[in-house]
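Position one of the sequence shown corresponds to residue 0 (numbering that gives the first Met the number 0), numbered consecutively onward.
Every residue, glycine too, gets a C-beta built ideally from N, C-alpha and C.
Here the structure is a predicted model, which is why all the values come from computation and not from measurement.
In what follows, a single structure is set out as structure tokens and then discussed.
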Amino acid sequence: MRAIWQLIYMCIIPIMTYGAEAAAHTKKEEEEIQQIFNNLLKRLLDLPQSTPNSALLVETGYLPMECYMDRKRIMQAHRVINDKKTTLIKKTIEAESNEWLIATKEKMEKYNITMEDLNETKNQLKEKIIKNQTTFFEKKLNDEKTSKSKVRHLLDNKPNPKLGQRPKYMKELTRKQCRTIALTRTRMIPVKANHKGSYPNQECRWCKIQGIEETQEHIMNECEKMTKETKPTHNYQEIFDDNDTDRLREIAETIKMTIEIIMEENQSTADTPKNKIVKTNQQDDRPNNTNQPNKTNEKPK
Ligand SMILES: [Zn+2]
């Protein structure tokens, strides 16, 4: 996986943000760029389309695309303003009414960057922008926490995620193991509580105890019928601990077993949810299914 992440950083992001120093993207265009990037990550990890986007960025260690684009623009302003030579471009943007500078200042305000900050060295400025963009994303996440239960689930279990930094497991585990952990952390395991409205009731299909809801937590750690077969050795909280990759590797294998049992049940019972919800990207009827994981990309790194 490490190579894939590097490839995205070195090739994909520069292509997607190409010309962002100069271009004035509309809000809609920015959203479209973000959408393309989200889809890329979902396809890469074989996650369902409905996976919450912000939670996905947290787990893969990226900031929203607008951050990368805005950063390029602010760094360009730094370059031009600190250019020792009086270039035409410098003269142009230094005019008070210059549209490019006005738009750039708006971007700077978004991340609390002042005109004085542009006098700092390149590295100092870059560091400050990244730090403030992390705060910007943190705020965005906290806003979503109130309205999106899946984002809340992630942040409640992982209260201080290192935003913009990739958790170690995403670099060291196999693609399938990464998928399993990401699927669980973003609360996308195909249990009833994660797909409300798709089942006639929320009762656990394994223990069938009245009033017991079929949630991820219940299925993975509490349900006696399920845990008898999957024998988890971890508690639910451990799934969100980024410090021990070896432990996450074991956990991913246990969860994989749990998912297999759920998928079997989903396919065999009349309780089956609407197909589109449990469908993953790979089951989509894409014309060219070249993204199928094979033996090569199952290997770590
Ligand atoms: Zn149960």
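Residue(s) in a DSSP beta bridge with residue i
| i | result |
| --- | --- |
| GLU212 | GLU202 |
Cβ distance (whole Å) where residue i is taken to contact residue j below 8 angstroms
| i | j | result |
| --- | --- | --- |
| ASN220 | TYR198 | Between TYR198 and ASN220 the Cβ distance is about 21 angstroms, and since that is not below 8 angstroms, they are no contact. |
| ASP241 | LYS167 | 6 angstroms |
| GLN123 | CYS66 | About 18 angstroms separates the two Cβ atoms, so there is no contact after all. |
| MET262 | MET0 | About 23 angstroms separates the two Cβ atoms, so there is no contact after all. |
| GLY163 | TYR8 | That pair is no contact at about 12 angstroms. |
| VAL190 | ILE218 | 5 angstroms |
| LEU43 | ILE3 | 7 angstroms |
Contact under 8 angstroms by Cβ, residue i with residue j
| i | j | result |
| --- | --- | --- |
| ALA192 | GLN215 | yes |
| PRO47 | LEU56 | no |
| ILE128 | ILE112 | yes |
| MET74 | THR16 | no |
| MET187 | TRP205 | no |
| LYS121 | ARG72 | no |
| ILE12 | LEU39 | no |
| THR59 | ARG165 | yes |
| THR257 | THR232 | no |
| GLU259 | ARG246 | no |
| THR253 | LEU172 | no |
| GLU202 | ILE211 | yes |
| PHE135 | LYS109 | yes |
| ILE88 | LEU117 | no |
> Counting Cβ pairs, one atom from each stretch, are 3 or more of them under 8 angstroms apart for the segment 173-181 and the segment 196-214?
Replying inline: With the rule of 3 Cβ pairs closer than 8 angstroms, the segment 173-181 does not count as touching the segment 196-214.
> Counting pairs of beta carbons, one from the segment 47-56 and one from the segment 144-157, are three or more of them closer than 8 angstroms?
Replying inline: With the cut-off at 8 angstroms, the segment 47-56 and the segment 144-157 touch.
> Mind pulling the alpha helix (DSSP H) runs of 4 or more residues that sit fully within the segment 144-187?
Replying inline: 148-156, 168-171 and 174-184
>> Pairs of beta-carbons, one from the segment 150-167 and one from the segment 27-38, closer than 8 angstroms: are there three or more?
In response: no
>> At 4 residues or longer, what runs of the alpha helix (DSSP H) sit wholly inside the segment 62-96?
In response: 64-80 and 87-93
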